[in-house]
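Asker: Numbering (my numbering), first residue to last: 9 to 195.
A virtual CB, placed ideally from N, CA and C, is assigned to each residue, including glycine.
For clarity, every value in this text was computed on a predicted model and none was experimentally measured.
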Amino acid sequence: SAGIDLLAAQYPGTVPMEAGDAGELEMVEQDHEGLKCISFNAHGGRSNTTDLLEKFRDYDIICTQEPFWGVIKTVATSKNREGEEYFQTPTHRNFICIGAHENAGAVTYVNRRWRGGMPRNRTDLVKHDNAVLVALDVGDRVMHFLNVYNKPAGFANLELYASSIIPYLADRVDRLPHITFMCGDFN
């Protein structure tokens, strides 16, 4: 699509990832300036995310698309001894989870060893359910990691296309900072 071409031209070196069949995890793995980054589509599976967070627990940045959102555990309360259901996306002791909410199409995990780099979600620049722009202070500069999920929306439906992430980002490409690592499922 023209939007993807525009983004790729602005950010050379990005690697588009095509979606596979449900249950098949396709990953893009790259080393960016000493940071190990990986991207994968979890296809809404809790175990897909949990297993990969454990497998890649030593990575610096993990980007997921189509994350699981559901009951993680039940927590006993004073009103309900049997417990209230706690909804979330999977987390891991090694990672700070950024961008998780019920309608999130993309979630980014930053290894806790980088907490001194103040990882943060740049919602002032990208505020969309299907993208997370994470800023990380590394030395005397700021690195930006853009994680994108573009929902497959039959492009015959212009209303769905207009709300998709590709035209949203294309409209803002001149206001985005230098992107260190851009990844996702662009469908």
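1. In whole angstroms, give me the CA-to-CA distance for I46 and R128.
2. Which one or two residues does DSSP pair with I174 in a beta bridge?
3. So L60 packs on F76, CB below 8 Å; how close in whole Å?
4. Mind checking S86: buried by the 16 CB within 10 Å criterion, or exposed?
5. With DSSP as the reference, label N88 as helix, strand or coil.
6. Note down, in chain order, each residue of its chain lying with its Cβ closer than 7 Å to the Cβ of G113, except the 5 sequence neighbours on either side.
7. Helix, strand or coil, according to DSSP, for N56 in the structure here?
8. Which residue from C105, V83, Y176 and G91 puts its Cα closest to that of E58?
9. Do you know offhand how far A50's Cα is from G147's?
Answerer: In this structure, then:
1. As a working note, residue 46 is residue 38 in the sequence shown. As a working note, residue 128 is residue 120 in the sequence shown. Spanning the two alpha carbons is a distance of roughly 18 Å.
2. The count along the sequence shown starts at 1 and reaches residue 174 at position 166. DSSP lists no partner for I174.
3. Numbered from 1 along the sequence shown, position 52 holds the residue referred to as residue 60. Numbered from 1 along the sequence shown, position 68 holds the residue referred to as residue 76. The Cβ separation is near 11 Å, so there is no contact.
4. In the sequence shown, residue 86 corresponds to position 78, counting from 1. Flag for S86 reads exposed.
5. Stepping through the sequence shown from its first residue, residue 88 is reached at position 80. Coil at N88, not helix or strand.
6. The count along the sequence shown starts at 1 and reaches residue 113 at position 105. Excluding sequence neighbours, G113 sits near Q73, E74, D137, N138, Y157 and K159.
7. Along the sequence shown, read from residue 1 onward, the residue named residue 56 stands at position 48. Here N56 sits in helix by DSSP.
8. On the sequence shown, position 50 is the one that residue 58 refers to. One detail in the question is off: residue 58 reads as Thr in this sequence, not Glu. Out of C105, V83, Y176 and G91, C105 has the C-alpha closest to the C-alpha of T58.
9. Counted from its first residue, the sequence shown places residue 50 at position 42. Counted from its first residue, the sequence shown places residue 147 at position 139. One C-alpha to the other measures close to 32 Å.
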